[in-house]
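Asker:
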Amino acid sequence: MTDKQNKDKNKQNPSIDRRDFLQGLAATPVLGLFGAALIHEQSVKKKLTKAKPKVVPENLEPLNIAVIGSGAQGQVLIDAMLKLPGLHFKAVCDIWTEYNLKRAAGILKRYGHPVNRYIDYRDMLVREQDLDAVVIASPDFWHADHAVACLEAGLHVYCEKEMSNTLEGAHRMVMASRKAGKLLQIGHQRRSNPRYLHCYDKLIREAKLLGRMTSVNGQWNRAVQPDLGWPEKYAIQPDILRKYGFDSMHQFRNWRWFKNLGGGPIVDLGSHQIDIYNWFLKARPKSVLASGGTDYYDPAAHEWYDTVLAIYEYETPAGTVRAFYQTLTSNSSEGYFENFLGDEGTLHISESSNRGGVYREPNAPQWDEWVRLGYLSAPEKAGTQATSAVLDVRETIAPDRHDIPIVFTDPYHMPHLENFFNTVRGLDTLNCPAETGYETAVTVLKVNEAVKAGKQLAFSEQDFLI
Ligand SMILES: NC(=O)c1ccc[n+]([C@@H]2O[C@H](COP(=O)([O-])OP(=O)(O)OC[C@H]3O[C@@H](n4cnc5c(N)ncnc54)[C@H](O)[C@@H]3O)[C@@H](O)[C@H]2O)c1
Numbered sequence: 082m083t084d085k086q087n088k089d090k091n092k093q094n095p096s097i098d099r100r101d102f103l104q105g106l107a108a109t110p111v112l113g114l115f116g117a118a119l120i121h122e123q124s125v126k127k128k129l130t131k132a133k134p135k136v137v138p139e140n141l142e143p144l145n146i147a148v149i150g151s152g153a154q155g156q157v158l159i160d161a162m163l164k165l166p167g168l169h170f171k172a173v174c175d176i177w178t179e180y181n182l183k184r185a186a187g188i189l190k191r192y193g194h195p196v197n198r199y200i201d202y203r204d205m206l207v208r209e210q211d212l213d214a215v216v217i218a219s220p221d222f223w224h225a226d227h228a229v230a231c232l233e234a235g236l237h238v239y240c241e242k243e244m245s246n247t248l249e250g251a252h253r254m255v256m257a258s259r260k261a262g263k264l265l266q267i268g269h270q271r272r273s274n275p276r277y278l279h280c281y282d283k284l285i286r287e288a289k290l291l292g293r294m295t296s297v298n299g300q301w302n303r304a305v306q307p308d309l310g311w312p313e314k315y316a317i318q319p320d321i322l323r324k325y326g327f328d329s330m331h332q333f334r335n336w337r338w339f340k341n342l343g344g345g346p347i348v349d350l351g352s353h354q355i356d357i358y359n360w361f362l363k364a365r366p367k368s369v370l371a372s373g374g375t376d377y378y379d380p381a382a383h384e385w386y387d388t389v390l391a392i393y394e395y396e397t398p399a400g401t402v403r404a405f406y407q408t409l410t411s412n413s414s415e416g417y418f419e420n421f422l423g424d425e426g427t428l429h430i431s432e433s434s435n436r437g438g439v440y441r442e443p444n445a446p447q448w449d450e451w452v453r454l455g456y457l458s459a460p461e462k463a464g465t466q467a468t469s470a471v472l473d474v475r476e477t478i479a480p481d482r483h484d485i486p487i488v489f490t491d492p493y494h495m496p497h498l499e500n501f502f503n504t505v506r507g508l509d510t511l512n513c514p515a516e517t518g519y520e521t522a523v524t525v526l527k528v529n530e531a532v533k534a535g536k537q538l539a540f541s542e543q544d545f546l547i
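Under my numbering, the first residue of the sequence shown carries the number 82, and numbering increases by one thereafter.
(1) Grab me the residues of TYR315's own chain with a C-beta within less than 8 Å of its C-beta, minus the 5 sequence neighbours each way, in chain order.
(2) Is the CB-CB distance between GLN537 and LEU265 below 8 Å?
(3) Run through DSSP, which three-state label would PHE540 get?
(4) Roughly how many angstroms separate the alpha carbons of ASN529 and ALA459, rounded to a whole number?
(5) Secondary structure at LYS171, three-state DSSP: helix, strand or coil?
(6) For TRP301, which beta-bridge partners are listed by DSSP?
(7) I need the straight-line Cα distance from PRO346 to VAL505, nearest angstrom please.
(8) Would you mind working out which of ALA404, ILE217 and ALA522 sits nearest ASN298, comparing C-alpha positions?
(9) Which value, in whole angstroms, describes the spacing of the CA atoms of LYS263 and TYR440?
(10) So, with DSSP's three-state summary, where would you put SER352?
(11) Under the criterion of a Cβ to heavy atom distance below 7 Å, does ALA218 qualify as lining ligand 1?
(12) Taking only three categories from DSSP, how would you classify ALA459?
(13) List the whole-angstrom C-beta distance separating ALA172 from VAL196, where the pair is believed to meet the contact cut-off of C-beta under 8 Å.
(14) By the DSSP assignment, the alpha helix (DSSP H) with THR427 in it spans what residues?
(15) Is the CB-CB distance between GLU442 and GLU419 below 8 Å?
(16) Go ahead and pull the three-state DSSP assignment for THR375.
(17) If we count the other Cβ atoms within 10 Å of its Cβ and call it buried at 16 or more, is PRO275 buried or exposed?
(18) Does the beta-carbon distance from LEU268 to GLU249 come in below 8 Å?
(19) Where does ARG208 land, buried or exposed, given buried means 16+ other C-beta within 10 angstroms?
(20) With 16 as the cutoff for other CB atoms within 10 Å, does GLU450 come out buried or exposed?
(21) Taking the CB atoms as reference points, tell me whether HIS237 and ILE149 lie closer together than 8 Å.
(22) Nearer than 7 Å: is that true of the beta carbon of ASP213 relative to any heavy atom of ligand 1?
(23) Over what stretch of residues does the beta strand (DSSP E) that includes GLN266 continue unbroken?
(24) Could you tell me if the beta carbon of ASP175 falls within a distance shorter than 7 Å of some heavy atom in ligand 1?
(25) Between TYR325 and ligand 1, is the CB less than 7 Å from at least one heavy atom?
(26) Any idea what DSSP makes of SER245, helix, strand or coil?
(27) Sorry if obvious, but does the Cβ on SER151 come closer than 7 Å to a heavy atom of ligand 1?
(28) By the 10 Å Cβ neighbour count, where 16 or more other Cβ atoms means buried, how is VAL216 classified, buried or exposed?
(29) Any idea what DSSP makes of ALA534, helix, strand or coil?
(30) Rank ASN435, SER329 and ARG482 by C-alpha distance to the C-alpha of LEU457 and give the top, closest one.
(31) So, at 6 Å on beta carbons, what are the nonlocal neighbours of CYS231 in its own chain, with the 5 sequence-adjacent residues on each side left out?
(32) By a C-beta neighbour count over all protein chains shown, 10 Å radius and 16 as the cutoff for buried, is ILE192 buried or exposed?
(33) Can you give me the start and stop residues for the beta strand (DSSP E) that THR397 sits inside?
(34) Below 6 Å CB to CB, which residues in the same chain sit around ARG330 once its five sequence neighbours on both sides are set aside?
(35) Roughly how many angstroms lie between the CA atoms of THR408 and ASN302, to the nearest whole one?
(36) Report the CB separation of ASP221 from ASN246 in whole angstroms; it is logged as a contact under 8 Å.
Next up, the structure:
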């Protein structure tokens, strides 16, 4: 089922206001309670809904596409795109011609897509005259130039996060998209993940299971990793490296750690999850306080902070929400996840392997009806074995744990790419358009400023204006 069809289907589901339902239950005490108990018994068997199967519309409009940047992520996106119908790869552009470009072109050829190879994107845009869209997975500091040139050439663009390493770059991208009247999707792929969509649309917005949200916390903790290397015989010539903004092969491979090229771990990893804070809270932060430093790695080769702890304050219609986020690169404890905490429940969610759960606060109204409707799986009582890899937080959060009843087994990026291509075809709307990506960039890039300033920084309305 496509995202579009999913959304249409969701629209058709009758929306039940949680308080209406509870009032109804209170009005029929005997039958209501017995009924609820019966429902509870019957629903002990978990209802897990597969996000599939997909229905591929007939006569799907074929699209000609190119990829700029076929490194680690470019190849992940190519793998996901090869699973989508109706795409014709025409060209790949990458400055590492003898390694990443060759490898990506070889894979595409094996799958029936002989592509033209380019080292320079300008050359590609002049020569490739029948493209519809370009997928960009170059290092962050190239995103603005690459995306703007593609948009000005009349092409739709899917650009990886972080939208840009500078707000000036991100701003240029939004303006170019508006001026050209072409689509620009930013690669915050959780926005198209069926599990995240279910949590936002159904659990938070419709069922309001968390009650009044008061706090968020999340993290991406990653184990120590050596710097990235390269096979000596494939080293790029220094003049080519310099032409494309790199001082050395070390910097070319480890661009994330360098100021002016990337934004460090808080931007690289944190942007995915802080984007979800803004989305699920339906708000922009009003301030951020952060502490960080290059505490573990050699600062000469790692200019950005390897450790960052940040606290945002959001003002929502329901009240203040304080949101903590940390990224560590010297310890992988508990990996990556986001927790949304309200006075009636907690949502624990992660992109990682269907990890997640929803926990009812002891004082919250019962959730039986939501279970019956399939919004949640039946509860596992405290002390029972969880079926998916989750943190054992039941004792400290809430007694019962419910699974999020959507199993998602496709490659993580596939629905987001599908959402982009279907929007190009006029069948959908973007889940992360340029303006949304810009808001996330404003939110995340400010953390590095707050670390440097050593104090809480306020966001103004002006900061988010384009
Ligand atoms: N959405 C996600 O989950 C996710 C995951 C990883 C990376 N990313 C993003 O993807 C992008 C690429 O990251 P990566 O890990 O693949 O990096 P990488 O260094 O492995 O790959 C970058 C590629 O771009 C090429 N390149 C560099 N400058 C170029 C230029 N001017 N023109 C054409 N090609 C150029 C390099 O040769 C390399 O092949 C980054 O923006 C990163 O933040 C997103």
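In this text, a Cβ means the ideal position worked out from N, Cα and C, and glycines have one as well.
Answerer: Once the coordinates are examined:
(1) To locate residue 315, count along the sequence shown from 1; it is residue 234. Contacts found: TRP177, GLU179 and TYR180.
(2) The residue you call residue 537 lines up with position 456 of the sequence shown. The residue you call residue 265 lines up with position 184 of the sequence shown. No, the Cβ-Cβ distance between GLN537 and LEU265 is not below 8 Å.
(3) Here residue 540 refers to the residue found at position 459 of the sequence shown. Looking at PHE540 - three-state DSSP - the assignment turns out to be coil, as it is neither helix nor strand.
(4) One-based indexing of the sequence shown puts residue 529 at position 448. One-based indexing of the sequence shown puts residue 459 at position 378. In a straight line, the C-alpha of ASN529 is about 42 Å away from that of ALA459.
(5) For the purposes of this step, residue 171 is taken as the residue at position 90 of the sequence shown. Three-state result, LYS171: strand.
(6) Mapped onto the sequence shown, residue 301 falls at position 220. In the DSSP output, where bridge partners are listed per residue, TRP301 has THR408 and TYR417.
(7) Within the sequence shown, numbered from 1, the residue matching residue 346 stands at position 265. Within the sequence shown, numbered from 1, the residue matching residue 505 stands at position 424. Their backbone Cα atoms lie some 32 Å apart in a straight line.
(8) Walking along the sequence shown from the start, residue 298 turns up at place 217. Cα-wise, what sits closest to ASN298 is ALA404.
(9) Residue 263 sits at position 182 when you count from the first residue of the sequence shown. Residue 440 sits at position 359 when you count from the first residue of the sequence shown. Roughly 42 Å separates the two Cα atoms.
(10) Along the sequence shown, one-based indexing puts residue 352 at 271. DSSP places SER352 in helix when its eight states are reduced to three.
(11) Locating residue 218 in the sequence shown gives position 137, counting from the first residue. Because some heavy atom of ligand 1 lies under 7 Å away, the Cβ of ALA218 counts as near it: yes.
(12) The count along the sequence shown starts at 1 and reaches residue 459 at position 378. Here ALA459 sits in coil by DSSP.
(13) On the sequence shown, position 91 is the one that residue 172 refers to. On the sequence shown, position 115 is the one that residue 196 refers to. Rounded, the Cβ-Cβ distance is 5 Å, consistent with contact.
(14) Along the sequence shown, read from residue 1 onward, the residue named residue 427 stands at position 346. Looking at the DSSP string, THR427 is not in any alpha helix (DSSP H); the run it does join, the beta strand (DSSP E), is 426–430.
(15) Counting from one through the sequence shown, the residue named residue 442 turns up at place 361. Counting from one through the sequence shown, the residue named residue 419 turns up at place 338. Against a cut-off of 8 Å, the Cβ pair of GLU419 and GLU442 comes out as no contact.
(16) As a first step, residue 375 is located in the sequence shown; it is residue number 294 there, counting from the start. Correct three-state label for THR375: coil.
(17) Taking the first residue of the sequence shown as 1, we reach residue 275 at position 194. Counting Cβ neighbours within 10 Å, PRO275 comes out buried, since at least 16 surround it.
(18) In the sequence shown, counting from the first residue as 1, residue 268 sits at position 187. In the sequence shown, counting from the first residue as 1, residue 249 sits at position 168. The identity of residue 268 in the sequence shown is Gly, whereas the question assumes Leu. No.
(19) As a working note, residue 208 is residue 127 in the sequence shown. With fewer than 16 Cβ atoms within 10 Å of its Cβ, ARG208 is classed as exposed.
(20) Here residue 450 refers to the residue found at position 369 of the sequence shown. With 16 or more Cβ atoms within 10 Å of its Cβ, GLU450 is classed as buried.
(21) Within the sequence shown, the letter at position 156 stands for residue 237. Within the sequence shown, the letter at position 68 stands for residue 149. Their beta carbons are not under 8 Å apart, which means HIS237 does not touch ILE149 by this criterion.
(22) In the sequence shown, the residue the question calls residue 213 occupies position 132. No, Cβ of ASP213 sits at least 7 Å from all heavy atoms of ligand 1.
(23) Locating residue 266 in the sequence shown gives position 185, counting from the first residue. First-last of the beta strand (DSSP E) with GLN266: 265–267.
(24) Here residue 175 refers to the residue found at position 94 of the sequence shown. Within the cutoff, so yes.
(25) The sequence position of residue 325 within the sequence shown is 244, counting from 1. Under cutoff, so the answer is yes.
(26) Taking the first residue of the sequence shown as 1, we reach residue 245 at position 164. SER245: coil per DSSP, three-state reduction.
(27) The residue given as residue 151 occupies position 70 in the sequence shown. Yes, since a heavy atom of ligand 1 falls inside the 7 Å radius drawn around the Cβ of SER151.
(28) Counting from one through the sequence shown, the residue named residue 216 turns up at place 135. Answer is buried; the Cβ neighbour count reaches 16.
(29) What you label residue 534 is simply residue 453 of the sequence shown in a count that begins at 1. Reduced to three states, the DSSP call for ALA534 is helix.
(30) In the sequence shown, residue 457 corresponds to position 376, counting from 1. Nearest of ASN435, SER329 and ARG482 to LEU457, Cα basis: ARG482.
(31) In the sequence shown, counting from the first residue as 1, residue 231 sits at position 150. Contacts found: VAL215 and VAL238.
(32) Numbered from 1 along the sequence shown, position 111 holds the residue referred to as residue 192. Checking the displayed sequence, the identity of residue 192 turns out to be Tyr instead of Ile. Exposed is the call here.
(33) Numbered from its first residue, the sequence shown carries residue 397 at position 316. It spans 388–397 - the beta strand (DSSP E) in which THR397 sits, taken as one unbroken run.
(34) Residue mapping note: residue 330 aligns to position 249 of the sequence shown, counting from 1. The sequence given here has Met at residue 330, not Arg. Closer than 6 Å at Cβ, skipping near neighbours: TRP311 and ALA316.
(35) Against the sequence shown, residue 408 aligns to sequence position 327. Against the sequence shown, residue 302 aligns to sequence position 221. Distance between the alpha carbons of THR408 and ASN302 is about 5 Å.
(36) By 1-based counting over the sequence shown, the position of residue 221 is 140. By 1-based counting over the sequence shown, the position of residue 246 is 165. Contact flag correct, Cβ pair sits at about 4 Å.
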